[in-house]
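Numbering (my numbering), first residue to last: -13 to 284. Each residue gets a CB set at the ideal place from its N, CA and C atoms; glycine is no exception. One structure below.
The structure is reproduced here in structure tokens:
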């Protein structure tokens, strides 16, 4: 059972890495629109490296979550895995959301699918909040368990009931602060024989600024918690060469990769605050960056 649990830890690490490499700025993506009345040949323009990585990540992530939910091991009933499963559920939806946005930009779906596009774009905000708060809770959980084990056992912060309340607040708050976005429609313009998205009919500077600040605070706080956690692991490395210890190390490494790769996002959000993101992305040859530039301006 311990070996199997270690494989789950490696799986978590792989999922976080794949999600960040797919889109380092907005860890959110979709797959959908299979029933749209379009020429079959047009669908091939959606198939690129990012699409393949996105779908593969979503399938692998979903498989990991299903295995965890169906497992009889008490390990996956711990606070860390409870948070991971709920956060992962919304991450899979977020993967779907970005892929829909990319499909809309490439296929020019137009106003007939405006309400779906609006929903998917809103998910990139709400699910980002869920992802950030969920990952912060997982980071805090490992920090307390490794650096302050006595307090971790005595305090009632990580009981099933408390974790459930945390997750309900996480999801509810994330949707509440972004609720306005569900009611701001997108505008379209017919140009060059196709529909061009002109953006939301109402600007959302406050939500964008709030999103940027939360991501920046999360990254710096995560680094502040991960650094002493890894230091404590190194100090106790010679004393605890057990399967359980290696599993703990794997979980912390997964979160560390999440935070380090999130530094790219942090840099982007800082440029966003100072209004430099358009110039930055114009000088970036990445197709992903161009898609992100368009999706963030709407």
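- Taken through DSSP and simplified to helix, strand or coil, residue 87 comes out as helix.
- A residue is called buried when at least 16 other Cβ atoms come within 10 angstroms of its Cβ; residue 155 does not meet this threshold and is exposed.
- Contact between the segment 159 to 169 and the segment 107 to 116 is established, with three or more Cβ pairs separated by less than 8 Å.
- Using a Cβ-Cβ distance cut-off of 8 Å, the segment 119 to 137 and the segment 96 to 103 are not in contact, since fewer than three pairs of beta carbons, one from each stretch, lie closer than that value.
- A Cβ-Cβ separation of about 5 Å places residue 127 in contact with residue 66 under the 8 Å criterion.
- If you check the CB distance, residue 71 and residue 54 come in under 8 Å.
- Inter-residue distance for residue 75 and residue 50 is about 11 Å (C-alpha atoms, whole angstroms).
- With contacts defined as CB atoms closer than 8 Å, residue 115 and residue 193 fail to qualify as a contacting pair.
- Looking at the DSSP output, residue 138 bridges to nothing.
- About 21 Å separates the CB atoms of residue 125 and residue 78; that is not less than 8 Å, and the two are not in contact.
- In terms of CA proximity to residue 180, 93 leads the group 36, 93, 89.
- For residue 120, the enclosing alpha helix (DSSP H) stretches over residues 100 to 133.
- Straight-line measurement puts the Cα of residue 105 at about 33 Å from the Cα of residue 64.
- Residue pairing by DSSP places residue 43 opposite no residue, since no beta bridge is assigned to it.
- With contacts defined as CB atoms closer than 8 Å, residue 153 and residue 170 fail to qualify as a contacting pair.
- Residue 172 has 186 as its beta-bridge partners, per DSSP.
- By the beta-carbon neighbour count (other beta carbons within 10 angstroms, threshold 16), residue 178 is exposed.
- Residue pairing of residue 181 in beta bridges, as defined by DSSP: 176.
- Closest option to residue 146, judged by alpha-carbon separation, among 43, 60, 35: 60.
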